[in-house]
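Heads up: the structure comes next, in structure tokens.
Number of protein chains: 2
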Amino acid sequence: MPSISQRALEVPLSPIRKLASYAERAKAMGRKVYHLNIGQPDIETPAAAMQRLREIDLKVLEYSPTEGWLSTRKAFARSMKKFGVQVDPDEVTVTTGASEGIQLLLFSCFNPGEEIIIPEPFYANYNGFAQIADVVVRPITSYIENGFALPGIADFERVINERTRGIFLNNPNNPTGAFYSREMLEQLALLVKQYNLYLIVDEVYRDFCYEGQDFFSVLRLEGLEDNVIVVDSVSKKFSACGARIGTIITRNPDVLEAVSRYGKLRLSPPGLGQLLGEFLCELDDNYMDEAQDEYRRRRDLLYRRLTGMKGVQAYLPGGAFYCFAKFPVENADHFCQWLLEEFEHEGATLMLAPGAAFYATPGLGTDEVRIAYVLNEHDLDKAMDCLEQALAIYPYSTIKSYSEAKV
Amino acid sequence: MPSISQRALEVPLSPIRKLASYAERAKAMGRKVYHLNIGQPDIETPAAAMQRLREIDLKVLEYSPTEGWLSTRKAFARSMKKFGVQVDPDEVTVTTGASEGIQLLLFSCFNPGEEIIIPEPFYANYNGFAQIADVVVRPITSYIENGFALPGIADFERVINERTRGIFLNNPNNPTGAFYSREMLEQLALLVKQYNLYLIVDEVYRDFCYEGQDFFSVLRLEGLEDNVIVVDSVSKKFSACGARIGTIITRNPDVLEAVSRYGKLRLSPPGLGQLLGEFLCELDDNYMDEAQDEYRRRRDLLYRRLTGMKGVQAYLPGGAFYCFAKFPVENADHFCQWLLEEFEHEGATLMLAPGAAFYATPGLGTDEVRIAYVLNEHDLDKAMDCLEQALAIYPYSTIKSYSEAKV
Numbered sequence: 000m001p002s003i004s005q006r007a008l009e010v011p012l013s014p015i016r017k018l019a020s021y022a023e024r025a026k027a028m029g030r031k032v033y034h035l036n037i038g039q040p041d042i043e044t045p046a047a048a049m050q051r052l053r054e055i056d057l058k059v060l061e062y063s064p065t066e067g068w069l070s071t072r073k074a075f076a077r078s079m080k081k082f083g084v085q086v087d088p089d090e091v092t093v094t095t096g097a098s099e100g101i102q103l104l105l106f107s108c109f110n111p112g113e114e115i116i117i118p119e120p121f122y123a124n125y126n127g128f129a130q131i132a133d134v135v136v137r138p139i140t141s142y143i144e145n146g147f148a149l150p151g152i153a154d155f156e157r158v159i160n161e162r163t164r165g166i167f168l169n170n171p172n173n174p175t176g177a178f179y180s181r182e183m184l185e186q187l188a189l190l191v192k193q194y195n196l197y198l199i200v201d202e203v204y205r206d207f208c209y210e211g212q213d214f215f216s217v218l219r220l221e222g223l224e225d226n227v228i229v230v231d232s233v234s235k236k237f238s239a240c241g242a243r244i245g246t247i248i249t250r251n252p253d254v255l256e257a258v259s260r261y262g263k264l265r266l267s268p269p270g271l272g273q274l275l276g277e278f279l280c281e282l283d284d285n286y287m288d289e290a291q292d293e294y295r296r297r298r299d300l301l302y303r304r305l306t307g308m309k310g311v312q313a314y315l316p317g318g319a320f321y322c323f324a325k326f327p328v329e330n331a332d333h334f335c336q337w338l339l340e341e342f343e344h345e346g347a348t349l350m351l352a353p354g355a356a357f358y359a360t361p362g363l364g365t366d367e368v369r370i371a372y373v374l375n376e377h378d379l380d381k382a383m384d385c386l387e388q389a390l391a392i393y394p395y396s397t398i399k400s401y402s403e404a405k406v
Numbered sequence: 000m001p002s003i004s005q006r007a008l009e010v011p012l013s014p015i016r017k018l019a020s021y022a023e024r025a026k027a028m029g030r031k032v033y034h035l036n037i038g039q040p041d042i043e044t045p046a047a048a049m050q051r052l053r054e055i056d057l058k059v060l061e062y063s064p065t066e067g068w069l070s071t072r073k074a075f076a077r078s079m080k081k082f083g084v085q086v087d088p089d090e091v092t093v094t095t096g097a098s099e100g101i102q103l104l105l106f107s108c109f110n111p112g113e114e115i116i117i118p119e120p121f122y123a124n125y126n127g128f129a130q131i132a133d134v135v136v137r138p139i140t141s142y143i144e145n146g147f148a149l150p151g152i153a154d155f156e157r158v159i160n161e162r163t164r165g166i167f168l169n170n171p172n173n174p175t176g177a178f179y180s181r182e183m184l185e186q187l188a189l190l191v192k193q194y195n196l197y198l199i200v201d202e203v204y205r206d207f208c209y210e211g212q213d214f215f216s217v218l219r220l221e222g223l224e225d226n227v228i229v230v231d232s233v234s235k236k237f238s239a240c241g242a243r244i245g246t247i248i249t250r251n252p253d254v255l256e257a258v259s260r261y262g263k264l265r266l267s268p269p270g271l272g273q274l275l276g277e278f279l280c281e282l283d284d285n286y287m288d289e290a291q292d293e294y295r296r297r298r299d300l301l302y303r304r305l306t307g308m309k310g311v312q313a314y315l316p317g318g319a320f321y322c323f324a325k326f327p328v329e330n331a332d333h334f335c336q337w338l339l340e341e342f343e344h345e346g347a348t349l350m351l352a353p354g355a356a357f358y359a360t361p362g363l364g365t366d367e368v369r370i371a372y373v374l375n376e377h378d379l380d381k382a383m384d385c386l387e388q389a390l391a392i393y394p395y396s397t398i399k400s401y402s403e404a405k406v
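Residue numbers (numbering that gives the first Met the number 0), protein chains in the order written: chain A, 0 to 406; chain S, 0 to 406.
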């Protein structure tokens, strides 16, 4: 038998993957599993946009242009206005999800062996994208103690070297829910300019900011038109993960041209998803406002429940729909597996994403867990009942007795 | 301004790309352009499948599993039965078009610097996929004189070395329309077995075979279950290029696992396209029969017209919807550009794909052209009127006078 490639064996796997089979077994045994492990919202995809898609009388489902239909790019460009960003449709490229967008950018902007700085913990698949493109990830650590705020400028500067080509952020952040402010981004901009770097920001959660702050897109940074690239997607904001539609937005014509060269190889982004994406962008703001309110209520409930549990260290996430919490356990991988394999509370258990895989630095995050609040309040509350009960009886808890509890 | 990567500058570009701006200009000047340059069929996407898609009441357009919905994989597996192939749904992975399938396979089966043998001329984007995955393409030349038949076994064996990991075919072939017979594939199978290689076959045109021959899928090769991988797509057969839905089919569990590892990074293939793909697979055979008849008539017309033109060397393509012809010109790149820039016949001209970019060996194909018969007979005939007239007046024709004409 011909063997598969060595690099395929080395693809960084999602922290959730190993647990999936345990979840299946738990379900097969009749237990309900609350899935707080993935970023798949339960909220309905806007029915009005789905209906418009149904009403199209499309005779031939043909290739779109490489960069997407002009009408779709126009809709995405217009949708940036509410964030104070004026972009031309030609500065928007439609991609097969933000996932493809990030891959296209790594190939377009980085030569093999060049480095990208990413604050950790970060979305685990960035590691895989970097491996495919042979780009080196240089992590700089953010900490739960200050709600995973953006590291200081000195932390970024410390790891910059002659191979550094860019800084990559996710704002608001998956997995931490951290929200990066305008002030912090403006400081970072000075560094980006000084070292002539790319500043690539994954803004797929920008519609989910809960503290009344204005989201500040890096596309508003003045004088950084050639450095700034934004990645976006309809997946999270419109609960349309399956559309596989994202965008790359930049005013740098060379980057657009390079992305187009790679993009032409795969011909075009998905056609039906593009049409849906266009209609989603054209919805009025009611949908987003309601979705944001819904997520805010969930966040508040989650935070209240977590802070009420002994030994759990949590913070109030400023955006996205994740919370990254520290649990009183030595090994969160084991705890998450134990939840699925051994634990049951009123016929149910929950699935969480262990924290270590979100760090590039070995040894970090071993007692941390990402919780996606993608279930309705009732289910989320039930899941928190399970968690509280589980932490109380987990045999490898670091809390030996009530008196030793940190909280 | 940060510079884009060197590798982005080196992405092999499609032969058509350079011509696109000339085509736009011709249209802007009011000329009709017959597009015989791309594999975008004009035939309607089956209305029955589009209607089924409309009728689905989908509340949340969520991620599918990495490998695609089980129902979709079942439909694709069942659709192989008419080719005498029995495969399990677990042996089918849904991909974002055949383009993604090929890329996933190059990463999964080849380490950087390893080699893949491909008969040339071949689909130009294979070069780009190989560049992305850092795989070396070893071309072996097929010739117009025998209708671009599969090269002999000795030709394959000559280029096999310790870095060779696989052979890649496209059957029926784009750009040549060549159809590879069961006998030839069975001979090749012996070689594949002997050298423990992968045999990867892009079968996206297998429904278009015009000579009454049975299409022989390599999935029917006995004893090669671990070596054979088939790539497929709904794009061409169902005129659904914009769905971006393809499949990888193999009985090699390690390859499926490796593909899944890479596939997980991009989460899932397009959801709406998957549903459409499922419905397309479930159509009765009428659509395919009619489409095949239509393409056969176009092929016959094209062949009749080409062989009636002075100095044009053509052959009757056995499958797909392309013909690769030799023209009495020194430089087909120039001729194709001249068609768009300088030529007009009854207010129209045509766009063709110059041949050289379909070869990996420099200097080959410079007087050859790919013609996609993706227009209806009336338009195709009109386009051939243009071509005949153009060849007669092209100032750089290699035919100096009628008496020198080869045909």
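We treat Cβ as the ideally placed atom computed from N, Cα and C, and that holds for glycine.
Helix, strand or coil: how does DSSP classify residue i here?
i	result
Ile-228 (chain A)	strand
Tyr-401 (chain S)	In this predicted model, Tyr-401 (chain S) has a pLDDT of only 44, less than 50, meaning its place in the structure is not dependable; the value taken from the coordinates is given anyway. Looking at Tyr-401 (chain S) - three-state DSSP - the assignment turns out to be helix.
Ile-143 (chain S)	helix
Thr-65 (chain S)	coil
Gln-312 (chain S)	strand
Pro-138 (chain A)	strand
Gln-5 (chain S)	helix
Ala-148 (chain A)	coil
Phe-167 (chain S)	strand
Ser-20 (chain A)	helix
Glu-114 (chain S)	strand
Glu-119 (chain S)	strand
Val-158 (chain A)	helix
Measuring CB to CB, does residue i end up less than 8 Å from residue j?
i	j	result
Ala-324 (chain S)	Glu-367 (chain S)	yes
Ser-63 (chain S)	Gly-270 (chain S)	yes
Arg-296 (chain A)	Glu-210 (chain A)	no
Gln-130 (chain A)	Ser-180 (chain A)	no
Ala-46 (chain A)	Leu-282 (chain A)	no
Thr-397 (chain S)	Gly-310 (chain S)	yes
Leu-349 (chain S)	Cys-385 (chain S)	yes
Val-230 (chain A)	Gly-241 (chain A)	no
Assuming residue i is part of the alpha helix (DSSP H), what are its boundary residues?
i	result
Ile-101 (chain S)	96-108
Phe-128 (chain A)	124-132
Asn-285 (chain S)	285-306
Leu-349 (chain S)	It is not in any alpha helix (DSSP H) - Leu-349 (chain S) instead sits in the beta strand (DSSP E) that spans 347-350.
Glu-185 (chain S)	181-193
Got a sec, what are the start and stop residues for the beta strand (DSSP E) residue i sits in?
i	result
Leu-35 (chain S)	Neither: Leu-35 (chain S) is in no beta strand (DSSP E) and is coded neither H nor E.
Val-200 (chain S)	197-201
Cys-322 (chain A)	321-325
Val-368 (chain S)	367-371
Met-383 (chain A)	From DSSP, Met-383 (chain A) is part of no beta strand (DSSP E) but of the alpha helix (DSSP H) over 376-392.
Glu-341 (chain S)	Neither: Glu-341 (chain S) is in no beta strand (DSSP E) and is coded neither H nor E.
Among the candidates the options, whose CA atom is the shortest distance from the CA of residue i?
i	options	result
Gln-441 (chain A)	A:Pro-120, A:Lys-73 and A:Val-134	A question about residue 441 (chain A) goes unanswered here, because the residues of chain A that appear run from 0 up to 406.
Phe-214 (chain S)	S:Val-191, S:Asn-169 and S:Val-233	S:Asn-169
Cys-339 (chain A)	A:Ala-356, A:Arg-24, A:Lys-73 and A:Glu-9	Here residue 339 (chain A) is Leu; the residue named in the question, Cys, does not match the sequence. The shortest Cα separation from Leu-339 (chain A) among A:Ala-356, A:Arg-24, A:Lys-73 and A:Glu-9 belongs to A:Arg-24.
Val-217 (chain S)	S:Asn-226, S:Tyr-209 and S:Gly-211	S:Asn-226
Phe-167 (chain S)	S:Ile-199, S:Gly-176 and S:Ala-123	S:Ile-199
Ala-356 (chain A)	A:Pro-14, A:Asp-41, A:Pro-1 and A:Leu-187	A:Pro-14
Ala-239 (chain S)	S:Gly-96, S:Thr-65, S:Gly-310 and S:Leu-189	S:Gly-96
Ile-42 (chain A)	S:Glu-54, S:Glu-61, S:Glu-329 and S:Ala-148	S:Glu-61
Tyr-491 (chain A)	A:Ala-242, A:Ala-123, A:Leu-69 and A:His-34	Outside the shown range of chain A (0 to 406) lies residue 491 (chain A), about which nothing can therefore be said.
Val-86 (chain S)	S:Arg-157, S:Pro-268, S:Gly-272 and S:Ile-228	S:Ile-228
Phe-155 (chain A)	A:Arg-16, A:Gln-193, A:Phe-342 and A:Gly-276	A:Gln-193
Ser-110 (chain S)	A:Thr-249, A:Thr-44, A:Glu-9 and A:Asp-56	The question names Ser, but residue 110 (chain S) in the sequence shown is Asn. The candidate whose alpha carbon is nearest that of Asn-110 (chain S) is A:Glu-9.
Strictly under 8 Å for the Cβ-Cβ distance: is residue i near chain B by that measure?
i	result
Ser-107 (chain A)	Chain labels in this structure do not include chain B; the protein chains are A and S.
Which ranges does the alpha helix (DSSP H) cover as unbroken runs of at least 4 residues, wholly within the stretch 226-277 of chain S, from first to last along the chain? If we require 4 residues or more, the alpha helix (DSSP H) runs fully inside the stretch 226-277 of chain S come out as 252-264.
Just list the alpha helix (DSSP H) runs in the stretch 45-90 of chain A, keeping only unbroken ones of 4 residues or longer that don't cross its boundaries, in chain order. Taken in chain order, the complete alpha helix (DSSP H) segments of 4 residues or longer contained in the stretch 45-90 of chain A are 46-54 and 69-78.
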